[in-house]
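Working notes for the structure below.
Protein chains: 2
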Amino acid sequence: MSTPMFERAALIGLGLIGSSLSHAMRRGGLARTIVGNAQSEKTRDTALRLGLVSSVYATPAEAARDADLVVLCVPVGACGAIAGQMGPHLRAGAILTDVGSVKGAVLRDVGPSVPKGVHFIPGHPIAGTEHSGPESGFAELFDGRWCVLTPPQGADQAAVDKLTAFWRACGSHVEVMDAQHHDLVLAITSHVPHLIAYNIVNTARHLERVTDTEVIKFSAGGFRDFTRIAASDPVMWRDVFLNNKDAVLEMLGRFSEDLTALQRAIRFGDSDTLYKLFVEARSVRRGIIEAGQDTAAPDFGRQHGTPKQPGT
Amino acid sequence: MSTPMFERAALIGLGLIGSSLSHAMRRGGLARTIVGNAQSEKTRDTALRLGLVSSVYATPAEAARDADLVVLCVPVGACGAIAGQMGPHLRAGAILTDVGSVKGAVLRDVGPSVPKGVHFIPGHPIAGTEHSGPESGFAELFDGRWCVLTPPQGADQAAVDKLTAFWRACGSHVEVMDAQHHDLVLAITSHVPHLIAYNIVNTARHLERVTDTEVIKFSAGGFRDFTRIAASDPVMWRDVFLNNKDAVLEMLGRFSEDLTALQRAIRFGDSDTLYKLFVEARSVRRGIIEAGQDTAAPDFGRQHGTPKQPGT
Chain A
0 MSTPMFERAA
10 LIGLGLIGSS
20 LSHAMRRGGL
30 ARTIVGNAQS
40 EKTRDTALRL
50 GLVSSVYATP
60 AEAARDADLV
70 VLCVPVGACG
80 AIAGQMGPHL
90 RAGAILTDVG
100 SVKGAVLRDV
110 GPSVPKGVHF
120 IPGHPIAGTE
130 HSGPESGFAE
140 LFDGRWCVLT
150 PPQGADQAAV
160 DKLTAFWRAC
170 GSHVEVMDAQ
180 HHDLVLAITS
190 HVPHLIAYNI
200 VNTARHLERV
210 TDTEVIKFSA
220 GGFRDFTRIA
230 ASDPVMWRDV
240 FLNNKDAVLE
250 MLGRFSEDLT
260 ALQRAIRFGD
270 SDTLYKLFVE
280 ARSVRRGIIE
290 AGQDTAAPDF
300 GRQHGTPKQP
310 GT
Chain B
0 MSTPMFERAA
10 LIGLGLIGSS
20 LSHAMRRGGL
30 ARTIVGNAQS
40 EKTRDTALRL
50 GLVSSVYATP
60 AEAARDADLV
70 VLCVPVGACG
80 AIAGQMGPHL
90 RAGAILTDVG
100 SVKGAVLRDV
110 GPSVPKGVHF
120 IPGHPIAGTE
130 HSGPESGFAE
140 LFDGRWCVLT
150 PPQGADQAAV
160 DKLTAFWRAC
170 GSHVEVMDAQ
180 HHDLVLAITS
190 HVPHLIAYNI
200 VNTARHLERV
210 TDTEVIKFSA
220 GGFRDFTRIA
230 ASDPVMWRDV
240 FLNNKDAVLE
250 MLGRFSEDLT
260 ALQRAIRFGD
270 SDTLYKLFVE
280 ARSVRRGIIE
290 AGQDTAAPDF
300 GRQHGTPKQP
310 GT
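Chains as they are written, first to last, in numbering that gives the first Met the number 0: chain A, 0 to 311; chain B, 0 to 311.
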């Protein structure tokens, strides 16, 4: 085996992303040793049992000590406090990164705790599923997906290059941009989509004239797609919205403005406007498939023809 | 082989649903002869080539003549005119049904053209993919999905029972309800979800500070799910919104009201409200999976780990 990129990688948090990173690192032989930390004893035990880490620690500081790569894989809102605990224990020359869906807030919250000589380079792999926890990870999660790095001004270029090479070795494409722009782009490609998915599930649950049973039975008409996204980790998503408020509110304003125009087109039977808009939307789907960011298989490749008996 | 349910079934329209019905009928041996009609010569040729029909006709009237089952598989807005042409040619005792996503408008538009002695029973199989055309159909499309029948007042019970048995033999569960209630239920489980999917794709395309390329590259964060629904047939969906205006506007009003409340919770950092709502949404997903209406596999069972090179 060639020399691994890192001697000792510490995963702080062992949920979907942390566990997938362990799988991807082991697939690629990217770290000689992988250690970890998780808040709950149950997660720590599972991570050991699955071989995600060779040692597991009850505190982030213990896990991060002596590591040359430390990856924060926790909800965005938890990063600041953890960095505060770890800071004094980080080794000079180490790379500290994270995987959070918001980057401005992470820079703001983590930055002050990073000692001189430690390279802090926030990151965001744009990949996931609706499942959570240490058993939900898999090595292929990052394959073909984009990882965005948002190094702060004056970041060490060698460290940025090394982290770029690391994510490529995990299967990702890498793009570097500033944190503010990341937060704006992700507000429209991820945060607002999740918000409207949560919202329609909520609306559907509180109708007087349509029962919850009906909503579930007839969900194959489109609604069920939204429930997948709305089944994502609630703490992670609460933290995203609390920490990317401005960009989310801006994009939500645009969404609502456009929806009002569409509502008006329906009210007045403006057939041409509806048709034109629906045709244009198809081209975006084609672009995503051509860019390798989704499957061309119908219905996401969902399995048909092996139905369970309906519960109702 | 046992006696088929129908001697001669006529499929008026040979797109995704019409072609899938042909596959399902042949799988189950449900009709001795299947004939069809499509507006375009190309579709007619394809249908013959694929063996979807044994004879194909350039007009609905020719196809429907002598059939004991006639299924309208065309966009809702086209049903009225086609029924007008077919009416005089329908055979006494035949069952006339459709597959449209709106039922009130079909009753209103088709009803007057149905001769005495023909059993008109509107239907809606809640199944589909984002693909269109005669080559997109497959026999398993209806397996485990619900089909709603909305017989008008005074409909012949034997005909309703026969159509129920037909859809069960196509793999579906069947529920009977009145057309108005169907339209309200589908407004929330299908029509509004499609509308907001179309809308967010449209919003994303017209931003000044985020490029189309960025939207596509970083779509795996959630946005790409919406583009699948927004890639559905534009004519079909234009007709849905034009023909289920009242129910769509009612449900859209509820959606917008709830979204405004959620926006306010984000603005004021109301962490508890966000968390509570996100936790509750998970339970709806569980209900859908338990009812056999979606896969429990992460990410809809999307394939990971066989990425294409990105186009950008």
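In this text, a Cβ means the ideal position worked out from N, Cα and C, and glycines have one as well. Quick caveat: nothing in here was measured; it's all calculated off a predicted structure.
So for residue i, helix, strand or coil by DSSP?
i	result
A:HIS172	strand
B:ILE195	helix
A:LEU15	helix
A:ALA295	coil
A:SER54	strand
A:LEU49	coil
B:HIS22	helix
B:THR317	No statement about residue 317 of chain B is possible, as the shown extent of chain B runs from 0 to 311 and does not include it.
B:PRO3	coil
A:GLY110	helix
B:VAL214	helix
A:SER231	coil
B:ARG208	coil
B:VAL101	coil
A:ARG237	helix
A:PHE165	helix
A:PHE137	coil
A:LEU89	coil
A:THR128	coil
A:GLN156	helix
B:ASP182	helix
A:HIS190	helix
A:VAL117	coil
B:GLY28	coil
B:GLY312	Because chain B here runs from 0 to 311, residue 312 of chain B falls outside it and cannot be looked at.
B:THR311	For B:THR311, the pLDDT reaches just 35, beneath the cut-off of 50, and the residue's location in the model is therefore unreliable, leaving the point undetermined.
Figure out for me which residue from the options has the closest Cα to the Cα of residue i.
i	options	result
A:ALA30	A:PRO3, A:ARG281, A:MET235, A:GLN292	A:PRO3
B:GLY86	B:LEU13, B:LEU148, B:MET235, B:VAL109	B:VAL109
A:ASP224	A:ARG237, A:ASN242, A:VAL200	A:VAL200
A:HIS181	A:GLY252, A:VAL98, A:GLY35	A:VAL98
A:MET176	A:SER18, A:ALA168, A:ALA164, A:PRO151	A:PRO151
A:GLY170	A:ARG208, A:GLU139, A:GLN156	A:GLU139
B:PRO297	A:TRP236, A:ARG227, A:VAL55	A:ARG227
A:HIS172	A:ILE11, A:LEU162, A:GLN179	A:LEU162
B:PRO74	B:LEU49, B:PHE267, B:VAL184, B:HIS123	B:HIS123
B:GLU213	A:LEU185, A:VAL159, A:ASP238	A:LEU185
A:ILE288	B:LYS216, B:GLY17, B:VAL283, B:ARG237	B:LYS216
B:SER1	B:LEU15, B:GLY28, B:ILE11	B:GLY28
B:ALA104	B:ALA164, B:VAL239, B:PHE165, B:THR45	B:VAL239
A:GLU256	B:LEU206, B:GLY132, B:CYS72, B:SER282	B:LEU206
A:GLN262	B:ILE195, B:THR294, B:LEU261, B:THR272	B:ILE195
B:TRP145	B:ALA168, B:PHE137, B:GLU40	B:ALA168
A:ILE94	A:GLY76, A:MET235, A:VAL70, A:LEU106	A:VAL70
B:TRP236	B:ASN198, B:THR96, B:SER135	B:ASN198
B:HIS303	A:ASP293, A:GLN302, A:HIS303	A:ASP293
B:HIS193	A:GLU134, A:PHE141, A:ALA280	A:ALA280
B:GLY234	B:CYS78, B:ASP160, B:ALA60	Per the sequence shown, residue 234 of chain B should be read as Val rather than Gly. Of B:CYS78, B:ASP160, B:ALA60, the residue nearest in Cα terms is B:CYS78.
A:SER39	A:SER18, A:ARG25, A:LEU13, A:ALA63	A:LEU13
B:ALA66	B:GLY252, B:GLY286, B:PHE5	B:PHE5
Along the chain, where does the beta strand (DSSP E) that runs through residue i open and close?
i	result
A:ILE94	94 to 97
A:GLY122	122 to 124
Per DSSP, which residues does residue i bridge with? Please list them.
i	result
A:ILE33	A:ALA8
B:LEU148	B:GLY122, B:VAL175
A:VAL70	A:LEU10, A:THR96
Would you mind reading off the limits of the alpha helix (DSSP H) that contains residue i?
i	result
A:ASP257	244 to 266
B:GLY83	78 to 85
B:PHE225	222 to 228
B:VAL278	270 to 289
A:GLU61	59 to 63
Interfacial residues, the segment 234 to 252 of chain B to chain A, with Cβ spacing under 8 angstroms
Listed in sequence order: VAL234, TRP236, ARG237, PHE240, LEU241, LYS244, VAL247, LEU248, MET250, LEU251.
What residues in the segment 111 to 131 of chain B have a beta carbon less than 7 angstroms from any beta carbon of chain A?
Against chain A - using a Cβ distance shorter than 7 angstroms - the residues of the segment 111 to 131 of chain B are ILE125, ALA126, THR128, GLU129, HIS130.
Tell me which residues of the segment 280 to 298 of chain A have at least one Cβ-Cβ distance to chain B shorter than 7 angstroms, keeping chain order.
So the list reads ALA280, ARG281, VAL283, ARG284, GLY286, ILE287, GLU289, ALA290, GLY291, GLN292, ASP293, THR294, PRO297, ASP298, given in the order they occur along the chain.
For the segment 209 to 232 of chain B, list every residue whose C-beta sits within 7 angstroms of some C-beta in chain A, in sequence order.
Against chain A - using a Cβ distance shorter than 7 angstroms - the residues of the segment 209 to 232 of chain B are VAL209, GLU213, VAL214, ILE215, LYS216, PHE217, SER218, ALA219, GLY220, GLY221, PHE222, ARG223, ASP224, PHE225, THR226, ARG227, ILE228, ALA229, ALA230.
Under 8 angstroms, CB to CB, which of the residues in the segment 136 to 164 of chain A have a partner in chain B?
Here the close residues are PHE137, ALA138, GLU139, LEU140, ASP142, GLY143, ARG144, TRP145, VAL147.
Along the segment 192 to 203 of chain B, where does the CB come closer than 8 angstroms to a CB of chain A? Name the residues.
Those residues of the segment 192 to 203 of chain B placed with their C-beta closer than 8 angstroms to a C-beta in chain A are PRO192, HIS193, LEU194, ILE195, ALA196, TYR197, ASN198, ILE199, VAL200, ASN201, THR202, ALA203, ordered along the chain.
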